[in-house]
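Data block below; observations after.
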Amino acid sequence: MKTKIIKLNNKVDTKKFERKIWIYKSIIYKRTKFILENNVKNINYSSVIEALNIKNRIKRINYIYDKACSEIDEYNKIKHIDCEFKNGKCMNQHNTKRINGCCRLCRLQSSHGCTSQNITCKLFFCDQLEKKYKTIKFNDIKILKCLSLTNRIIVKDNYFETKENFLRTLYLNSIIVFSIKVVINIIKNGVYLHKIRKNITKENGG
Numbered sequence: 538m539k540t541k542i543i544k545l546n547n548k549v550d551t552k553k554f555e556r557k558i559w560i561y562k563s564i565i566y567k568r569t570k571f572i573l574e575n576n577v578k579n580i581n582y583s584s585v586i587e588a589l590n591i592k593n594r595i596k597r598i599n600y601i602y603d604k605a606c607s608e609i610d611e612y613n614k615i616k617h618i619d620c621e622f623k624n625g626k627c628m629n630q631h632n633t634k635r636i637n638g639c640c641r642l643c644r645l646q647s648s649h650g651c652t653s654q655n656i657t658c659k660l661f662f663c664d665q666l667e668k669k670y671k672t673i674k675f676n677d678i679k680i681l682k683c684l685s686l687t688n689r690i691i692v693k694d695n696y697f698e699t700k701e702n703f704l705r706t707l708y709l710n711s712i713i714v715f716s717i718k719v720v721i722n723i724i725k726n727g728v729y730l731h732k733i734r735k736n737i738t739k740e741n742g743g
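The numbering of the sequence shown is our numbering, which starts it at 538 and goes up by one.
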């Protein structure tokens, strides 16, 4: 296997590297191992290099997904980004009857939080959080550039989905399949919310 050294000495180098990622992950570099020499502070591309060195497409997608989720969680932890939950109510719900924050709209919610590790949901922040904190953005997560254009579109808008089904959608790499699944998930979630509201009405004697 050949080796290719990626030298990053300044921000111009990083921009050039990012523009070439789509080539580096292609079949042209199937038998090439990338080695990183990074001299740029505050920018870490080691996970991107690791992803490029995973030549199996499915394994690469799995790695990218897990690494991106970890980066989001780590960022939120370091920046102390907090929805300020008290008794199941987020900062927007403290003076209302609602509970479970934004997740109240999802069928995957539970009394212990989300039952799935959904990267799209992890990248969602309500307006109040956006005003209070500097939140992480899609483009801040460099490793996502290792995904295809189709899969990057999917990552931006795939709510109400389990991690397992999310990954299957990424494996298929199809906007058509994704669009169909979005409609199905919206219907499933709508049915779930209808049942919840129906049960609440019964409990209240309606």
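No residue lacks a Cβ here, since even glycine has one placed at the ideal position from N, Cα and C. All of these numbers come straight from a predicted model, not from anything done at the bench.
By DSSP, does residue i sit in helix, in strand, or in coil?
i	result
F697	coil
C663	coil
I580	coil
N702	helix
K604	helix
I673	coil
H617	coil
S711	coil
N632	coil
S685	coil
S563	coil
I678	coil
K592	coil
N599	helix
N722	helix
When you compare each of the options to residue i by their alpha carbons, which one comes out closest?
i	options	result
K567	N593, N579 and H631	N593
L666	N655, S685, L686 and M628	M628
K682	Y561, N547, M538 and K544	Y561
S716	Q630, T687 and C606	T687
E621	Y600, Q654 and Y670	Y670
K604	E587, K668 and I618	E587
C663	I618, S685 and E555	I618
E555	K570, T540, M538 and L589	L589
N695	L709, K718 and K634	K718
I609	C658, T540, V728 and L684	C658
N702	K541, N726 and Q654	Q654
T569	N581, V549, K553 and I591	I591
F571	I565, K541, I733 and T551	K541
N710	V692, G727, R734 and I721	V692
Rounded C-beta distance between residue i and residue j? I'm assuming under 8 Å.
i	j	result
T699	L660	Contact flag wrong, Cβ pair sits at about 17 Å.
L707	I558	About 17 Å; that fails the 8 Å criterion.
L573	S563	Incorrect: roughly 19 Å between the Cβ atoms, too far for contact.
I510	I712	The displayed coordinates of the chain run from 538 to 743. Any statement about residue 510 would go beyond what the structure contains.
I673	Y612	5 Å
In the DSSP assignment, what residue or residues form a beta bridge with residue i?
i	result
G574	Before going further, note that residue 574 is Glu rather than Gly in the sequence given. K544.
K539	T569
K623	K626
C651	Q646
Does the count of Cβ pairs from the region 633 to 640 and the region 674 to 689 closer than 8 Å reach three? no
Taking contact to mean 3 or more Cβ pairs, one atom from each stretch, closer than 8 Å, check whether the region 575 to 595 and the region 545 to 557 are in contact. yes
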